[in-house]
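Report on one structure; see the data block that follows.
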Amino acid sequence: MVRLSALVLLAALLVAVAANRSSFRGKCPINLGKTPFDPRKMAGEWFIQAGTPLFGEQLSRCARFTVRPRLEGHELFYDIQYNALSPRDGKPYALESKSQAYNPHRGALSLGVWRRAGTEEYSEPFGQSVVATDYKTFAVFLACRPVYDPSTRTFQRALAAQVWGRSASMDDDARRALADLLSSYDVAREDIKMADQDNCSYAY
2 MVRLSALVLL
12 AALLVAVAAN
22 RSSFRGKCPI
32 NLGKTPFDPR
42 KMAGEWFIQA
52 GTPLFGEQLS
62 RCARFTVRPR
72 LEGHELFYDI
82 QYNALSPRDG
92 KPYALESKSQ
102 AYNPHRGALS
112 LGVWRRAGTE
122 EYSEPFGQSV
132 VATDYKTFAV
142 FLACRPVYDP
152 STRTFQRALA
162 AQVWGRSASM
172 DDDARRALAD
182 LLSSYDVARE
192 DIKMADQDNC
202 SYAY
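Note that the sequence shown ends on residue 205 in the working numbering; no numbers are left out.
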């Protein structure tokens, strides 16, 4: 189980760094990703502990990612599988992502597309970033793309902002500290919901 330890200090430092980004409110967060970054250590299962809902006002239950980094020549790619129970009807569903690092030496930043498992059509590309992680217990992840609203003639964003944990359980103080860190990246704190990982079989 993740405990608070140095997470409060980490959150405080990164909140201060990101405090001047308010001019980008409503746009995709600007960040450099974690540096240095070892993509091999990101491999494996991650469980969503907190984040912004993908559908409606609730996070999906029992949500987890399986991350598979791979090198092809000098290029770094990620295959990501997302499994969860729908907040609407409780039924299992899955998403798949293909992404490529902008630079194999800065693998925390990538460009990715998503689709529902079993379908052919991918989403528009998202800029994706691991902004903080210790690889063993937690990661903070952002995926965002600009969206144009013709009715208001303004650019908005489609955003997924999440706290991941290596375990399905996480200490409440640690989870809140990481949610506070996530909010420093131009994500409204009230939009970040705590995830439900209770009574999950993960058999889907």
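Glycine included, every Cβ here is placed at the ideal spot set by N, Cα and C. No experiment lies behind these values; they were computed from the predicted model shown.
Through-space distance from residue j to residue i, alpha-carbon basis
{"i": "Ala20", "j": "Arg69", "result": "Here Ala20 scores only 36 on pLDDT, less than 50, and its place in the model is too uncertain to base an answer on."}
{"i": "Ser100", "j": "Glu76", "result": "11 Å"}
{"i": "Gly113", "j": "Arg71", "result": "14 Å"}
{"i": "Asp90", "j": "Arg116", "result": "20 Å"}
{"i": "Ala51", "j": "Met195", "result": "4 Å"}
{"i": "Glu121", "j": "Ser98", "result": "12 Å"}
{"i": "Asp135", "j": "Ser152", "result": "43 Å"}
{"i": "Leu110", "j": "Gly45", "result": "18 Å"}
{"i": "Ser168", "j": "Gln157", "result": "33 Å"}
{"i": "Ser184", "j": "Glu191", "result": "9 Å"}
{"i": "Leu179", "j": "Tyr149", "result": "30 Å"}
{"i": "Pro147", "j": "Glu125", "result": "10 Å"}
{"i": "Pro88", "j": "Cys29", "result": "25 Å"}
{"i": "Gly119", "j": "Tyr94", "result": "10 Å"}
{"i": "Tyr210", "j": "Arg154", "result": "There is no way to answer for residue 210, as the model of the chain reaches only from 2 to 205."}
{"i": "Arg62", "j": "Arg107", "result": "32 Å"}
{"i": "Trp47", "j": "Ala159", "result": "22 Å"}
{"i": "Tyr123", "j": "Leu96", "result": "10 Å"}
{"i": "Arg41", "j": "Ile81", "result": "13 Å"}
Continuous beta strand (DSSP E) stretch holding residue i: start and end
{"i": "Tyr79", "result": "Glu76 to Leu86"}
Reference residue i; option with closest CA among the options
{"i": "Ser181", "options": "Val164, Ala196, Arg65 and Gly74", "result": "Note that residue 181 is Asp in the sequence shown, not Ser. Among Val164, Ala196, Arg65 and Gly74, the Cα nearest to that of Asp181 is on Val164."}
{"i": "Ile31", "options": "Leu179, Asp192, Arg176 and Ala144", "result": "Ala144"}
{"i": "Ile49", "options": "Ala175, Gly166 and Arg158", "result": "Gly166"}
{"i": "Asp187", "options": "Tyr149, Ala161, Cys201 and Leu60", "result": "Ala161"}
{"i": "Tyr79", "options": "Asp197, Tyr103, Asp150 and Arg146", "result": "Tyr103"}
{"i": "Val141", "options": "Lys28, Gln59 and Phe66", "result": "Phe66"}
{"i": "Pro105", "options": "Asp173, Ser185 and Glu73", "result": "Glu73"}
{"i": "Gln198", "options": "Arg154, Phe139 and Met171", "result": "Met171"}
{"i": "Glu58", "options": "Cys201, Lys42, Ile193 and Asn84", "result": "Ile193"}
{"i": "Gln55", "options": "Ala175, Ala85, Asp174 and Thr138", "result": "It should be noted that the sequence gives Leu, not Gln, for residue 55. The shortest Cα separation from Leu55 among Ala175, Ala85, Asp174 and Thr138 belongs to Ala85."}
{"i": "Met43", "options": "Lys137, Ala64, Leu60 and Thr53", "result": "Lys137"}
{"i": "Ala175", "options": "Leu60, Phe139, Tyr203 and Thr53", "result": "Phe139"}
{"i": "Cys201", "options": "Lys92, Pro40, Ala159 and Ile81", "result": "Lys92"}
{"i": "Ala189", "options": "Tyr123, Asp39, Pro40 and Thr53", "result": "Thr53"}
{"i": "Tyr203", "options": "Ala64, Asp173, Ile81 and Arg177", "result": "Ala64"}
Interface flag, residue i vs chain C, CB-CB below 8 Å
{"i": "Pro105", "result": "Of the chains in the structure shown, none is chain C; there is only one protein chain."}
At which residue ranges does the segment 91 to 174 contain complete alpha helix (DSSP H) runs of 4 or more residues, listed in the order of the chain? none
Mind the definition here: the segment 128 to 136 touches the segment 33 to 52 only if three or more C-beta pairs lie below 8 Å; say whether that holds. yes
Starting from the N-terminal side, write out each stretch of the beta strand (DSSP E) that is 3 residues or longer and does not extend beyond the segment 33 to 65. 45 to 52
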